[in-house]
Amino acid sequence: ALQDEVKRKRTVLISREKDLKSEKVDIIDIEKKLRDSKEQMEKYLREYDSLFRMTQKLTEDLEVQIHLNDTIDKENASRLETLEDKGKEFNRLATESSKVQAAKKVTDGKIGELEKERMGYEKDRDELKLKIETLVGSDIKSARKQGEIAQKGIDEKKGQKEILTKRVGGEEKVTALIYDLSKVNENTTRNLKNEMSGYMATVKAQREKISQLVLERERHEHEVEVANGKHYTAIEELKLQEVQVSDLQKKIIDGGARLKQQQNLYEAVRSDRNLYSKNLIESQEEITEMKRRFKVMNHQIEQLKDEITSKDHSLVKEHFNHHNVDKERELLKNEQTKIRKQILSSEQIINNQKVEVQKLAQIIQEADEERSRQRKECDAVMSERDILGNQLIKRNAELTKLYEKVKVQRSVLHHGELQYQDRVGEINHLKKGLGGLKREKAESVVESGNQFSLKKACLALEKDLLTERTKIRALSEELDRPLNVHRWRHLESSDPTRFEMIRKIQSVQKRLIKKTEEVMEKDSLIQEKEKLYVELKNILGRQPGPEVQEQIMLYQSNLKEKHKQMKAMNSELEMYKQQVDAFRGELVGVAEDGRNLRADWLRKTRKQASMGL
C-alpha cells in the first residue's frame with residue numbers, strides 16, 4: 001500500500017513536473033511575446049515619430065502651399081485687373097478704330113469729291129489750254145498780221161515820209177500820226193502778252209491746288225494706314241492677353257488640384273496616425289493583459305512549488321529508500337541547474353532591462369534638457385515681449401500726452417484765429433469807414449473846387465488844424481512827461497472835445513499795449529509749439545517702426561509654435577514616463593521573481609545539505 005501510494009505520488013509529481021515544464025514553456029513564450037510586443041511597441045513609436053514628423057512636414061508644406069496659393073490668387077487678381085485694363089484699352093482702341101474708319105470713310109468721300117473736282121479742274125485746264133492756245137494763236141496771228149500790216153503801213157508811211165519830206169513842211173503831222181499808229185500797235189501787243197501771263201498764272205494756281213489736294217490725299221491715306229496698324233496691333237495684344245488668361249486659368253486649376261492632392265495626403269496621414277495610435281493602445285492593453293496572466297501564472301507556480309515542497313516533506317518523513325532518494329537528488333540537481341540557468345537568464349533579462357531603463361532615463365534627461373532649453377527660449381521671448389509691450393505702453397502714454405497737448409494747442413490756435421478774424425473784421429470795418437471818408441473828402445474837394453470862398457475857409461481850417469496838431473503834440477509830450485498829472489481833468493469842464501480826444505488817445509494807447517502783450521504771448525505760444533513739434537518728431541523718431549512690429553509678430557508666431565512643440569513634447573514625455581513606470585513595475589516583478597527563485601534555490605540547497613548530513 002505504501003509503495004502504491006509512493007507510485008501514485010510519483011505519478012502526481014511527474015505530472016506536476018510536466019505541468020511545471022509546460023508552464024515554464026508558456027512563461028518563455030509569454031516572455032518572448034512580451035519582447036516581441038516591446039519591439040513592436042518601439043517600432044510603433046518610431047513609426048509614430050516618423051509619422052508625426054511627416055505630419056509636421058506636411059503641415060508646413062500645406063502652409064507653404066496655402067501661402068503660394070494666396071500669392072497666386074493675388075497675382076491672378078492683379079492679372080485680372082490688368083486684363084480688365086487691357087479690355088478697356090481694347091475697347092478704347094476699337095472705338096478709336098471705328099472713329100478712324102469713319103474718318104477714313106469721310107476722307108475717302110472727300111478724296112472722291114476732290115478727284116471729281118480734280119477731273120473737273122483738269123477738264124477746265126484742258127479747255128483753258130485750248131482756249132489759250134487758240135487765243136494765243138489767233139492773237140499772235142492777228143498781231144502778226146497787224147504787225148505785218150503795220151510794217152507795211154510803216155514802210156508805206158516811210159515812203160510817203162520820204163516823199164512828203166520832199167514836200168511841204170506840213171507833212172510833219174503825217175509823221176506824228178504814223179508814230180501814234182505804231183504806239184497803238186505796241187499797246188495791243190502788250191495787252192495780249194498781259195492776258196497770256198494772267199492765263200498762265202491761273203493755270204499755275206490750279207496746278208498748285210491739284211498738288212495740295214494730292215498731298216492731302218496721301219496724308220489721309222497714311223493716317224488710315226497708321227490707324228489700321230494700331231488696330232491690328234491691338235487685336236494681336238488682345239489675342240496674347242487671351243492666351244495669358246488661359247495659361248493663368250490652367251495654372252489656377254493645377255494649383256487647386258495640387259492643393260486637393262495635398263489635402264488628401266494630409267487626411268490619409270491623419271487617418272494613418274489615428275490608426276497607429278489605436279494599434280498602440282491595443283498593444284498596450286495586450287501588454288497589460290500579458291502582465292496580468294504572467295502574475296497569475298507566477299501565482300500558480302508558487303502554489304505548485306508549495307505543493308512540491310509539501311510532497312517532498314511527506315516523502316522525507318516516510319523514509320524512502322536510498323535509491324529513490326538518489327534519484328530525487330539527481331532530479332533536484334537537474335532542477336537546480338535549470339533554476340540556475342533560469343536565474344542567469346533572469347539576471348540577463350534584468351541587466352538588459354536596466355540598460356533599457358538607462359536608455360530611457362537618458363532620453364528623459366535629453367527631453368528635460370530640451371524642455372528646459374525651450375523654456376529658456378520661451379522666457380527670453382516672453383521677456384522681449386514684455387520689454388516691447390512696456391515700450392509700446394510708454395509710447396502710447398507719450399502719444400496720449402502729445403495728443404492732449406496738440407488738442408490744447410489746437411484750441412488755443414482756434415481761439416487765436418477767432419480773435420484774428422475779429423481784428424480783421426474791425427480792420428475791414430475801419431477800411432470801409434476810411435473809404436467813406438475818402439469819398440466825402442473827394443466830394444468836398446469837388447464841391448470846393450468851384451468856390452473860392454470855400455478855399456479860404458479850407459485854408460483857415462488847415463491853419464486851425466495845424467494849431468490843433470501842435471496842441472495835440474504838446475499834450476502828448478505832456479502825457480509822456482506830465483508836468484501836472486491831473487491838469488487834463490480840468491479840461492473836462494473847459495474843453496470837453498479835447499478831453500474826449502485825450503481819453504480816446506489813452507484808450508488807444510492801452511489797447512496798443514494790450515495788443516503788443518497779446519502778440520508777445522502768441523510768439524511765446526508759437527515757440528512752445530515749435531519746441532513741442534521738435535520733441536514730437538524726436539519721440540516719433542525713437543519709436544519702433546513697422547520692422548519692429550513685424551519682428552514682434554514673428555516672435556509671437558514662433559512663441560505659439562514653441563508652445564505647441566512644448567505641449568507635444570510634454571505629452572510625449574508623459575507617455576515615456578508611463579512606459580518607464582510600466583518597465584519599472586516589470587523590473588520590480590522580475591526582481592521579486594528572482595528573489596523568490598533564489599530563496600527557493602537556497603532552501604533546496606539547505607534541504608539537500610541537511611539530507612546529505
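First residue of the sequence shown? That's 1 in full-length UniProt numbering, and the numbers climb one at a time after it. Ideal Cβ positions, reconstructed from N, Cα and C, are used throughout, including at glycine.
task = Would you mind stating whether TYR576 and ILE281 have Cβ atoms separated by less than 8 Å?
result = no
ask   = Whose CA, out of SER383, GLU370, ALA397, lies closest to the CA of ASP572?
value = In the sequence as displayed, the identity of residue 572 is Glu instead of Asp. Checking every option, the nearest Cα to that of GLU572 belongs to GLU370.
ask   = Below 8 Å between beta carbons: does that hold for GLN565 and GLN374?
value = yes
inquiry  = Here's the rule I'm using: 16 or more other beta-carbon atoms within 10 Å means buried, otherwise exposed. How should LEU58 be labelled?
reply    = buried
ask   = Around the Cβ of ASP379, are there at least 16 other Cβ atoms within 10 angstroms (buried) or fewer (exposed)?
value = exposed
ask   = Is it right to say ASN484 is buried, meaning 16 or more other beta carbons lie within 10 angstroms of its own, or is it exposed?
value = The pLDDT assigned to ASN484 is 46, lower than 50, so where the model puts this residue is not dependable; a value taken from the coordinates is nonetheless given after this. Burial call: exposed.
Top-ranked residue by Cα proximity to GLU398, from LEU418, PHE499, ASN538 = ASN538
Buried versus exposed call for LEU13 [16 or more other C-beta atoms within 10 Å across all chains shown] = buried
query = Nearest-angstrom Cα distance between residue 614 and LYS123?
reply = Because the chain is modelled from 1 through 613, residue 614 falls outside the range shown and cannot be assessed.
message = Between which residues of its own chain and ILE513 is the CB-CB distance below 8 Å, once the five residues before and five after are set aside?
response = none
inquiry  = Distance check for LYS405 and THR534, CA to CA, integer angstroms please.
reply    = Per the sequence shown, residue 534 should be read as Val rather than Thr. The straight-line gap from Cα to Cα measures roughly 13 Å.
ask   = Cα separation between VAL408 and GLN527?
value = 15 Å
request  = Report the option in LYS99, LEU413, ARG584, GLY594 whose CA atom is closest to the CA atom of GLN358.
outcome  = ARG584
query = Expressed to the nearest angstrom, what Euclidean distance is found between the alpha-carbon atoms of ARG190 and LEU130?
reply = 21 Å
Length of the line joining the Cα atoms of LEU434 and PRO496 = 25 Å
query = With a Cβ-Cβ cutoff of 8 Å, do residue 644 and LEU525 count as a contact?
reply = Absent from the structure is residue 644, since the part of the chain shown begins at 1 and ends at 613.
request  = Please name the residue in ARG498, ARG423, GLN40 whose C-alpha comes closest to that of LYS515.
outcome  = ARG423
message = Please classify ASP49 as buried or exposed, where buried requires at least 16 neighbouring CB atoms within 10 angstroms.
response = exposed
message = Suppose you measure from the CA of LYS510 to the CA of ASP464; what does that come to, to the nearest Å?
response = 28 Å
Cβ pair GLN56, ARG258 closer than 8 Å = no
message = Quick check: GLU377 and LYS567, are their CB atoms within less than 8 Å of each other?
response = no
inquiry  = Less than 7 Å separating the Cβ of LYS327 from some heavy atom of the ligand MG?
reply    = With respect to small molecules bound, the structure shown includes none, and the ligand MG cannot be examined in it.
message = Can you give me the C-alpha to C-alpha distance between ARG270 and GLU60, rounded to a whole angstrom?
response = 14 Å
task = Measure the alpha-carbon distance for VAL296 versus LEU20 and round it to whole angstroms.
result = 14 Å
message = Between GLU384 and TYR555, how many whole angstroms is the CB-CB distance? I'm expecting something under 8 Å.
response = 6 Å
task = Could you check which residue in LYS24, SER15, LYS7, ARG16 has the C-alpha nearest to that of LYS341?
result = LYS24
message = Are the CB atoms of LYS251 and ILE72 within a distance shorter than 8 Å?
response = yes
key: Backbone CA spacing between GLU89 and ASP247 [nearest angstrom]   = 21 Å
query = Which residue's Cα is closest to the Cα of ILE557: LYS401, ILE393, MET382, GLU236?
reply = Reading off the sequence shown, one finds Ser at residue 557, where the question assumed Ile. Nearest C-alpha to SER557: MET382.
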